[in-house]
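A quick write-up on the structure given underneath.
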Amino acid sequence: MENTFNQDVYLLNVEVMNMEAIIEVHALTKSYGDIRAVKGIDLLVKKGSLLAFVGPNGAGKSTTIHMLTTLLKPDSGDIIIAGFKVGPNDEKIKHEIGIVFQDSVLDDLLTVQENLMIRGSFYGLTRKELNIAVANAMTVTDIHDIAKRRFGKLSGGQKRRVDIARALIHQPNVLFLDEPTTGLDPQTRLKVWDTIEKLQKEKGMTVFLTTHYMEEAGKADYVYVIDDGKIVAMGSPNDLKNQYSSDTLQIKPLHKKDFTPLLDADQVPYKIQADTVIIPLNDVWDAEALIAKYRLHIVSFQVLNGTMDDAFVAITGKELRDL
Ligand code: ADP
Ligand code: MG
Numbered sequence: 152m153e154n155t156f157n158q159d160v161y162l163l164n165v166e167v168m169n170m171e172a173i174i175e176v177h178a179l180t181k182s183y184g185d186i187r188a189v190k191g192i193d194l195l196v197k198k199g200s201l202l203a204f205v206g207p208n209g210a211g212k213s214t215t216i217h218m219l220t221t222l223l224k225p226d227s228g229d230i231i232i233a234g235f236k237v238g239p240n241d242e243k244i245k246h247e248i249g250i251v252f253q254d255s256v257l258d259d260l261l262t263v264q265e266n267l268m269i270r271g272s273f274y275g276l277t278r279k280e281l282n283i284a285v286a287n288a289m290t291v292t293d294i295h296d297i298a299k300r301r302f303g304k305l306s307g308g309q310k311r312r313v314d315i316a317r318a319l320i321h322q323p324n325v326l327f328l329d330e331p332t333t334g335l336d337p338q339t340r341l342k343v344w345d346t347i348e349k350l351q352k353e354k355g356m357t358v359f360l361t362t363h364y365m366e367e368a369g370k371a372d373y374v375y376v377i378d379d380g381k382i383v384a385m386g387s388p389n390d391l392k393n394q395y396s397s398d399t400l401q402i403k404p405l406h407k408k409d410f411t412p413l414l415d416a417d418q419v420p421y422k423i424q425a426d427t428v429i430i431p432l433n434d435v436w437d438a439e440a441l442i443a444k445y446r447l448h449i450v451s452f453q454v455l456n457g458t459m460d461d462a463f464v465a466i467t468g469k470e471l472r473d474l
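Residue numbers are given in my numbering: position 107 of the sequence shown equals residue 258, and the series is strictly consecutive.
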């Protein structure tokens, strides 16, 4: 599918965001043998922003996040985080960043507090500093009430919040999370998002997260869409919805077979989904004239706003729910 990635918009964004970029990535590539996982990507992340890095499974999200967090060596390209270059300055960068991995690194048999104390002990803090750091991390993630529970016995959402607390003990400025909400039920996903948004809004932290839930990316300040190792779209959630999705008039006709020939004759574009006829709208008010014109054929109708999922389908040609 033709992708409509707009290089001019990109360059403009680069210019605007460059002033306060805390993460800069240029021409980054990585292959595993014959598999070219990341094919030359550029990224800029504004200090204090929440960035969603979205793409289907296998797109290259984890590979990218592992390179950004110094865990995987790029084949080529540059990464600068908080002014430090990945490679020569990895130790400095590790102080700046916290990482929440896709799979937890904590010990199921230890309590939440024991896990955090052990992890915190890697940072060379005094006992007193460590106690304070762990308590602070527990406060911001709202896990004091489960401090004495065994990690292995917690629910998925509780575990995620403890994982996030673990990544916060050394007070990083940038938090990376790889699919923090994957596999959680919708309500739990919201709770984890609350925690992430709180970190950004109240602590001024820069958050870089990957997700394959496009609707979730709608809550970010900025979205990069990666597909097959390349950035295929970028912008604010509103930019992406405006550019790649449209509002629709969804009509339940009296008889589909009588109704669609009328649309064909009037050259009104439409799609059929089960017993619903979906008409894309350039302007939401166009719905009014269409409803008036065809009212005798309409059982019911609704006007829906374009969604992030629609935008994703338009950008990648893929349905996320198939992934
Ligand atoms: P995502 O996180 O977006 O699902 P990944 O970065 O994990 O994508 O994977 C990108 C591509 O690289 C996929 O084709 C995947 O199969 C491949 N890949 C990832 N890790 C490895 C590895 N350690 N060895 C070989 N291939 C890998
Ligand atoms: Mg991944």
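From the three backbone atoms N, C-alpha and C, an ideal C-beta is built for every residue, glycine too.
Given the structure is predicted, the values throughout are model-derived calculations rather than measurements.
Taking V291 as reference, the option from M385, I232, R312 and S227 with the minimal CA-CA separation is R312. Relative to ligand 2, the nearest heavy atom lies less than 7 Å away from the CB of D329. With 16 or more neighbouring CB atoms inside 10 Å of its own CB, L319 falls in the buried class.
Closest by C-alpha distance to L326, out of G303, K198, V450 and A438, is K198. T332 is positioned such that its CB atom lies no closer than 8 Å to that of V196. For F252, no alpha helix (DSSP H) run applies, since DSSP gives it neither H nor E. The alpha helix (DSSP H) runs of length 4 or more contained entirely in the stretch 210-297 are, from start to end of the chain, 212-219, 241-247, 263-271 and 278-292. In the displayed model, D372 falls within coil according to three-state DSSP, outside both helix and strand. Looking at L432, L441 and I449, the one whose alpha-carbon comes closest to that of N456 is L432. With contacts defined by Cβ atoms closer than 8 Å, H363 and G206 form a contacting pair. When the beta-carbon positions are compared, K392 and A462 come within less than 8 Å of each other. The count of Cβ pairs closer than 8 Å, one atom from the stretch 235-242 and one from the stretch 395-415, stays below three, leaving the stretches out of contact.
Our two residues, D345 and E247, have alpha carbons roughly 22 Å apart in a direct line. Per DSSP, reduced to three states, the secondary structure at G386 is strand.
Look at the beta carbons and you see the stretch 395-414 not touching the stretch 228-236: under three pairs across the two are nearer than 8 Å. Taking C-alpha positions only, G275 is separated from A465 by approximately 49 Å.
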